[in-house]
Amino acid sequence: MAGSVVLMVGTAKGMFSFQSDLQRKNWKMTGPLLPGWEVSAIHVDGVNGDRRIYAGTTHYSYGATIRASDDMGKTWQQMEARPTYAPEKGFKTTRFWQLASNPHQPGMLYAGIDEAGLFISKDRAQSWEEVKSLSDTPDRAGWAPGNGGLCLHTILFDRENPKRMWVGISAVGIFRSDDAGNTWKDCTSGLHKMESGMQDKPQICCIHKIVQDPKDTGTLYCQHHPGVYKSLNAGDTWEPIEEGLPGNFGFPMVVSKSGNLFVVPLETEEHRYVKNGKFQIYRSTNSGKSWQPCVKGFPAEPTFAGVLRDSMTGDGLKEGGVYLGTTSGEIFHTRDDGDSWSKIDGVFPRILCVRAYVFDDANQPAKKPQAKTKAGARRIKVK
Amino acid sequence: MNIEVTVPGLLADSVGGKRKFSIDAKTIGQAIETLRREHPLLKVHIYDDADQIRQHVLVYYNDESIKWIDDLKRPVKSGDRIAIIQAVSGG
Numbered sequence: 019m020a021g022s023v024v025l026m027v028g029t030a031k032g033m034f035s036f037q038s039d040l041q042r043k044n045w046k047m048t049g050p051l052l053p054g055w056e057v058s059a060i061h062v063d064g065v066n067g068d069r070r071i072y073a074g075t076t077h078y079s080y081g082a083t084i085r086a087s088d089d090m091g092k093t094w095q096q097m098e099a100r101p102t103y104a105p106e107k108g109f110k111t112t113r114f115w116q117l118a119s120n121p122h123q124p125g126m127l128y129a130g131i132d133e134a135g136l137f138i139s140k141d142r143a144q145s146w147e148e149v150k151s152l153s154d155t156p157d158r159a160g161w162a163p164g165n166g167g168l169c170l171h172t173i174l175f176d177r178e179n180p181k182r183m184w185v186g187i188s189a190v191g192i193f194r195s196d197d198a199g200n201t202w203k204d205c206t207s208g209l210h211k212m213e214s215g216m217q218d219k220p221q222i223c224c225i226h227k228i229v230q231d232p233k234d235t236g237t238l239y240c241q242h243h244p245g246v247y248k249s250l251n252a253g254d255t256w257e258p259i260e261e262g263l264p265g266n267f268g269f270p271m272v273v274s275k276s277g278n279l280f281v282v283p284l285e286t287e288e289h290r291y292v293k294n295g296k297f298q299i300y301r302s303t304n305s306g307k308s309w310q311p312c313v314k315g316f317p318a319e320p321t322f323a324g325v326l327r328d329s330m331t332g333d334g335l336k337e338g339g340v341y342l343g344t345t346s347g348e349i350f351h352t353r354d355d356g357d358s359w360s361k362i363d364g365v366f367p368r369i370l371c372v373r374a375y376v377f378d379d380a381n382q383p384a385k386k387p388q389a390k391t392k393a394g395a396r397r398i399k400v401k
Numbered sequence: 123m124n125i126e127v128t129v130p131g132l133l134a135d136s137v138g139g140k141r142k143f144s145i146d147a148k149t150i151g152q153a154i155e156t157l158r159r160e161h162p163l164l165k166v167h168i169y170d171d172a173d174q175i176r177q178h179v180l181v182y183y184n185d186e187s188i189k190w191i192d193d194l195k196r197p198v199k200s201g202d203r204i205a206i207i208q209a210v211s212g213g
């Protein structure tokens, strides 16, 4: 088969890239890239065209900037511009949670940041513009950070309707725009509300991840702080889908190309590691009607790790590829839509985000390389 | 006056890949302003959104933190040093 799959893993101390052919059995690791930086968001724009990797990087002491690579991570350019609010707003840019391209408007790059806001760049991250229609919403004064911060962590574009998109904000809720971002509608009807303690917004929905069904664009699924939900009307209303789950608290949610759903139930919000010290994720093969554990290939020994909201992803291939990285730095993946799982060799720093891309070609020529960081490479075998 | 500036390795790509470079200034304040103007990426990493020096970043003029220096109009001498360092941040 021609082509390649590239798995990009952002960690608390740099980024690692893994490349394989479409069989996804053997992986060649490159990294660490951007060593020392927290890589909290990764996005490849122009997957099979004018390819560029964007990475949202943060450091506890030095703050957050965006970096870009035009040669698949061999060299990086730190972008001078970054999404920032007008000074009079008083909001900070502390972290980049999501970078995404609008599939209907090539060249439109979106950033979801902490403190929660949505930004657009039309010039490959040379400049950024705040989507004020979202952050100037009347109840903005009542937005307050949760444990992970005040983060806009999900940007979801409708595959068919170029004017429709959703964003998810922790400890705030879900918003949908049907007019390309000019106005936004609260889409939390039916989701369990939580007390915020804020006078301006006393009840909130703490959204952890939202995904769209691959066959029906009006069907959404959501891992909420207190529950797993489904919407059949693009987010207007939600209903719980938890039959068979050992618990309803978790962070990531993925839907594979076939429509299989994956979640990682954790012990309660106080504990935040997998249930009963046994690493397993749950799959639904019937659009959320019921869930079953996936255990084949996961470690039998006691495991007390979790999976963060952006640390599970699919590759979109027909032979369902799903990948996850744990808080203890291990990477697992399935090549058969969840029937069995394999560990990719190595233990890495705490994994913050995982992205998988399928490239038509294995070696896209580098574009405008700018020598900065060099990284070693070695072969990785799947156990 | 020629002032030698050093930055941590993590910030080298904010100043063209160097750990050490020189700037020209007559006063401490002028040196800081030159750094901010000529190296905007370094500025992002040293200063927060409120334009205050980040809590865990120290900017030293010779052996003094510039936070302790009241008179930034103080003249500098050739060979003086400015060092950007990470403050002890736990661990």
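The listed protein sequences correspond, in order, to chains A and B. Be aware that the first sequence starts at 19, since it is given in this note's numbering, and climbs by one per residue. Be aware that the second sequence starts at 123, since it is given in this note's numbering, and climbs by one per residue. Note that beta-carbon positions come from the ideal geometry of N, C-alpha and C, so glycine has one too. Being a predicted model, the structure only gives us computed values, none of them experimental.
Report back the beta-carbon spacing between residue i and residue j to the nearest angstrom; my notes put them in contact at under 8 Å.
i               : j               : result
A402 of chain A : T112 of chain A : Outside the displayed range of chain A (19 to 401) lies residue 402 of chain A, so it cannot be described from this structure.
P197 of chain B : K140 of chain B : About 26 Å separates the two Cβ atoms, so there is no contact after all.
S58 of chain A  : L370 of chain A : 5 Å
H178 of chain B : A209 of chain B : 5 Å
D63 of chain A  : L168 of chain A : Not really, about 26 Å apart at Cβ, beyond 8 Å.
S151 of chain A : N120 of chain A : About 16 Å; that fails the 8 Å criterion.
G91 of chain A  : W55 of chain A  : The pair is not a contact, with the Cβ atoms about 13 Å apart (cut-off 8 Å).
Just to confirm before moving on: does the CB-CB distance between residue i and residue j stay below 7 Å?
i               : j               : result
S136 of chain B : L164 of chain B : yes
P270 of chain A : V282 of chain A : yes
L174 of chain A : A134 of chain A : no
V272 of chain A : F280 of chain A : yes
S214 of chain A : I222 of chain A : yes
T75 of chain A  : L51 of chain A  : no
D328 of chain A : V376 of chain A : no
A99 of chain A  : Q144 of chain A : yes
S35 of chain A  : W45 of chain A  : no
K275 of chain A : I259 of chain A : no
I206 of chain B : V181 of chain B : yes
I204 of chain B : V127 of chain B : yes
I131 of chain A : W184 of chain A : no
R194 of chain A : G125 of chain A : no
G208 of chain A : T255 of chain A : yes
V27 of chain A  : G339 of chain A : no
Give me the Cα-Cα distance between residue i and residue j, rounded to the nearest whole angstrom.
i               : j               : result
T331 of chain A : W202 of chain A : 26 Å
A30 of chain A  : L136 of chain A : 23 Å
Y183 of chain B : I150 of chain B : 8 Å
P163 of chain A : A189 of chain A : 6 Å
M123 of chain B : L133 of chain B : 24 Å
E178 of chain A : D234 of chain A : 10 Å
D357 of chain A : Q41 of chain A  : 16 Å
K181 of chain A : F322 of chain A : 42 Å
E288 of chain A : R368 of chain A : 19 Å
N266 of chain A : G166 of chain A : 18 Å
S106 of chain A : A159 of chain A : Reading off the sequence, residue 106 of chain A comes out as Glu, not Ser. Cα-Cα distance, rounded: 14 Å.
S200 of chain B : D197 of chain A : 60 Å
W94 of chain A  : E160 of chain B : 20 Å
T206 of chain A : D231 of chain A : 18 Å
V403 of chain A : R142 of chain A : An answer regarding residue 403 of chain A cannot be provided, because it is not within the stretch 19 to 401 covered by chain A.
K219 of chain A : D157 of chain A : 7 Å
At least one CB of chain A closer than 7 Å to the CB of residue i: is that the case?
i               : result
L77 of chain B  : The structure shown has nothing for residue 77 of chain B, since chain B only spans 123 to 213.
I207 of chain B : no
D135 of chain B : yes
Does residue i get closer than 7 Å to chain B when you measure Cβ to Cβ?
i               : result
S79 of chain A  : yes
T75 of chain A  : no
G54 of chain A  : yes
T29 of chain A  : no
T155 of chain A : no
T83 of chain A  : yes
Cβ of residue i less than 7 Å from any chain C Cβ?
i               : result
H243 of chain A : Of the protein chains in the structure, A and B, none is chain C.
Quick check: does the Cβ of residue i come within less than 6 Å of any heavy atom belonging to the ligand SAH?
i               : result
N200 of chain A : As for the ligand SAH, it is missing from this structure, which has no ligand bound.
Subject >> Residues in the segment 160 to 182 of chain B having any Cβ partner in chain A nearer than 9 Å >> reply: P162, L163, V166, H167, I168, Y169, D170, D171, A172, D173, R176, Q177, H178 and V179
Original post:
Closer than 9 Å, Cβ to any Cβ of chain B: which residues of the segment 89 to 122 of chain A, in chain order?
Top reply: If the cut-off is 9 Å between Cβ atoms, the segment 89 to 122 of chain A has W94, Q95, Q96, M97, E98, R100, T102, Y103, P105, G108, F109, K110, T111 and T112 near chain B.
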